[in-house]
Every structure is written in structure tokens, then in C-alpha cells.
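For reference, the structure is listed below as C-alpha cells.
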Amino acid sequence: MSLEDARNTPVIAYHIAYHSLLEVEEFSTLFNDFKPLYPSYPYLDYDPFSLDSFDSCEYEAHFRVVKHDLLLDAFQVPETFKCPQGTVCSGMGGLCLMLKRLAYPCQYFDLIPLFGRSIPELCMIKSMVLD
1 MSLEDARNTP
11 VIAYHIAYHS
21 LLEVEEFSTL
31 FNDFKPLYPS
41 YPYLDYDPFS
51 LDSFDSCEYE
61 AHFRVVKHDL
71 LLDAFQVPET
81 FKCPQGTVCS
91 GMGGLCLMLK
101 RLAYPCQYFD
111 LIPLFGRSIP
121 ELCMIKSMVL
131 D
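Under full-length UniProt numbering, the first residue of the sequence shown carries the number 1, and numbering increases by one thereafter.
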């Protein structure tokens with residue numbers, strides 16, 4: 001059972017049983033106990049980041065640098081970044097994430113469609129790149 005299923009179980013049980021199995025107070029308690037602290041974002045609906053999917057104009061619009069700049073070598077970016085909890089990101093993906101965050105004021109939520117990762121992963125990768 002996934003966390004999303006556990007969150008939806010009280011609601012489903014309340015509606016299926018036509019309110020006979022759960023009293024309103026029980027339902028309220030269960031619903032509040034399983035209520036997420038943070039909203040869930042559909043990051044799995046997006047493809048992982050791929051530099052090849054951008055043409056040079058689109059790349060420059062997103063990251064404010066030309067696609068063929070040698071920033072990877074100039075910043076001595078490693079081949080991959082590995083976060084303490086196990087997330088692995090390519091060096092180019094991490095560099096692009098950092099460039100996007102620095103180029104425009106945006107929230108991590110705005111980066112989900114572009115990079116196809118969850119907010120905690122994006123935050124950890126950005127921290128690894130800046131270190």
C-alpha cells in the first residue's frame with residue numbers, strides 16, 4: 001500500500017459504507033491523521049531531464065547561457081552528483097538546475113516539469129552543486 005493509498009483509505013471507507021461503518025468523529029480523526037503536511041506534486045508524470053531535448057534558443061531562454069559554452073569544464077563539475085540519501089544526477093543536469101535557479105526567480109515546484117524530479121531531490125541536487 002502506498003502512502004497515497006493510505007491517505008485515501010478513510011475517505012473511500014466513509015463513502016463506500018454509506019456512512020454506516022464510520023461515525024463523523026471517527027472519519028474526521030482518521031482524515032486529519034492521514035492528511036499530508038505538504039501537497040503532493042506529480043513529478044513522475046514528467047520525463048527525466050535531457051539536454052538533447054532543447055534546441056539552442058530554448059536552452060538559452062531557460063538557462064541564460066549558450067548551449068555550447070564550456071561551463072562544465074570551467075566550473076570543474078564532476079561527471080555525476082550523488083546526494084547523501086542516494087539520489088544520483090548527471091553533472092550537466094546539476095549544472096543546468098543551478099543555472100535555472102540562478103537565472104530566474106522560481107520555486108522548486110516550477111522546476112518539476114523541466115527536470116522530472118521531486119522537490120526534495122531538486123533541493124538536494126542544488127545543494128550538492130553549490131558545495
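For every residue, glycine included, the Cβ atom is placed at its ideal position computed from N, Cα and C.
Contact between I125 and F81 holds, since their C-beta atoms are separated by about 6 Å, short of 8 Å. The three-state reading of DSSP puts S90 in strand, counting E and B together. The continuous stretches of beta strand (DSSP E) do not include K126, which lies in the alpha helix (DSSP H) extending over residues I119 to L130.
When rounded, the separation of the alpha-carbon atoms in S118 and R64 is 24 Å. Excluding five sequence positions before and after P48, the CB atoms of its chain that fall closer than 6 Å to its own CB belong to G116, given in chain order.
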